[in-house]
Each structure stands twice: as C-alpha cells, then as structure tokens.
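Trainee: My questions will all concern the structure given below.
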Amino acid sequence: MTVSRALLAGAALAGLAFVWGGGADWLVGHGFAAHMLRHSLIVTGIALAIAAALPAGWRRAVPPALAGAVIEFIAVWGWHLPALHRLAASHPAWFAAEQASFLIAGLLVWAGALHAAHPLIGAGALLLTSMHMTLLGALMVLSRADIYGGLHGTLADQQLGGLIMLGIGTPVYLIGGLWLTGLALTERNAAEPS
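Every number in the numbering used here is 229 more than the matching position in the sequence shown, counting from 1.
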C-alpha cells in the first residue's frame, strides 16, 4: 500500500471513529442535525477517502458510476422516509443497517465516479447525486412541518439538518463533478493534434 493510500485509509477510519464515536453529537448536539452531519460526512468525505484508497483490483469490481448514483439515491431517500427514519432512530440494529447502507452507497458513488471508463461518466454521477442531495436538504429546510413528528426535537432542528446536508453534500459532489469534467477536457485537449 502506498503512503497516500494508507493516509486516505487512515483518514477514513478516523472519520468513522469520529462520526460513530459521538463527534457529530458533540459538534451540533443530539438530534436531527447530528444525524445529518453523520450522514453527510459518511457519504461525502469518508466514502471518498475509502474509494480513493482502493487498490486497483477492487476498483475493477465497482459497479458503473450511474448505478452507484442510483443505489445512493435509493439509500438516502429511503432512510429519510419518516417510517424508516423512525425505525433507525429507535432500534440499534436498524441504525447500524442505515449507517452501513450510507457508507456502502457513498462508496459505490465515489468509486464508480473516480474509476469510470471516462471522467464525464463519473462527473454525471456526481452531479446527479449533488442534485438529489440538494433537493432533499432543501425539502427539509423549506418544510413548514416537522417531517419526523418530533422524533429529533423541533422543526428548527430539522431545518438545521437540511442546511448541513446542503452545506456539505451539495458542494462536495459539485466540486467532484467539476473536477472530473476538467479531467475530461484536459484529456480531450491533450488528444487533439497541435
């Protein structure tokens, strides 16, 4: 394992220890905001670090980027349906399933995007993911009702959670998509005769 891959893997493990060891609760208090901070850090930074640290053999086993984006969409929106969210919030086994699915889905998006056959395919997957995360965060912020019926506190906590999702998820996926678009343009320019 190269030094850079080892550092990425170490950063991912430290991130998981932070979010699952109470760091999100320490930063923003218990409740929906902590849930959204945990979720957002797992699917963006932690999953990205793991995907970037994968050895070449594992990279070939990753599903296509757009399939990863669809799986991530289903996982994120599914676990934020009130009934499933309530189940995960009240039963440790369901919470573990939720967190594992966020990590796996995030890993599929990032690994598929970073190791796609062409950078524009990966960019499309990341930009699609940015859009659906933005929509979900905006729904939570703009809702006049507490979607989760007081499970995590108040409407204000739900809105803060939506802002956290917007503030982390939207720019991270957008920047990743733009970076991959830049790679595609660089490859195209390098391939053109002078």
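Each residue gets a CB set at the ideal place from its N, CA and C atoms; glycine is no exception.
Quick check on this structure: which residue in SER319, LEU336 and LEU295 has the alpha carbon closest to the alpha carbon of ILE271?
Mentor: The residue with the shortest Cα to Cα distance from ILE271 is LEU336.
Trainee: Rounded to a whole number of angstroms, what is the C-alpha to C-alpha distance between ALA235 and ALA276?
Mentor: Near 15 Å, if we compare the C-alpha coordinates of ALA276 and ALA235.
Trainee: Just to confirm, is the Cβ distance from LEU355 to GLY396 under 8 Å?
Mentor: no
Trainee: State the start and end residues of the unbroken alpha helix (DSSP H) segment that holds THR383.
Mentor: Per DSSP, THR383 belongs to no alpha helix (DSSP H) and is neither H nor E.
Trainee: If we count the other Cβ atoms within 10 Å of its Cβ and call it buried at 16 or more, is TRP287 buried or exposed?
Mentor: exposed
Trainee: Does the pairing of the segment 247-264 with the segment 284-299 give three or more beta-carbon distances under 8 Å?
Mentor: Not touching, per the Cβ criterion.
Trainee: Excluding sequence positions up to five away, which residues of its chain have a Cβ less than 7 Å from the Cβ of ALA262?
Mentor: ASP386, LEU389, GLY390 and ILE393
Trainee: Identify, in the order they occur along the chain, each residue of the same chain with its Cβ nearer than 8 Å to the Cβ of ALA413, setting aside the five sequence neighbours on each side.
Mentor: Closer than 8 Å at the Cβ level, and outside the excluded window around ALA413, lie HIS347, PRO348, LEU349 and ALA352.
Trainee: Within a Cβ cutoff of 6 Å, which residues of the same chain sit near HIS361, ignoring the five residues on either side of it in sequence?
Mentor: PHE302
Trainee: Suppose the cutoff is 7 Å on Cβ atoms and the five residues either side in sequence are ignored; what does the same chain contact list for GLU327 look like?
Mentor: Answer for GLU327: TRP308 and ALA317, listed in chain order.
Trainee: CA-CA distance, LEU439 and GLY251?
Mentor: Residue 439 falls outside the range modelled here, since the chain spans only 230 to 423, and no answer is possible.
Trainee: Can you grab the Cα-Cα spacing for the pair ALA296 / ALA238, in whole Å?
Mentor: 24 Å
Trainee: Beta-carbon separation of ILE279 and ALA241 under 8 Å?
Mentor: yes
Trainee: Whole angstroms are fine: how far does the CA of THR415 sit from the CA of VAL401?
Mentor: 21 Å
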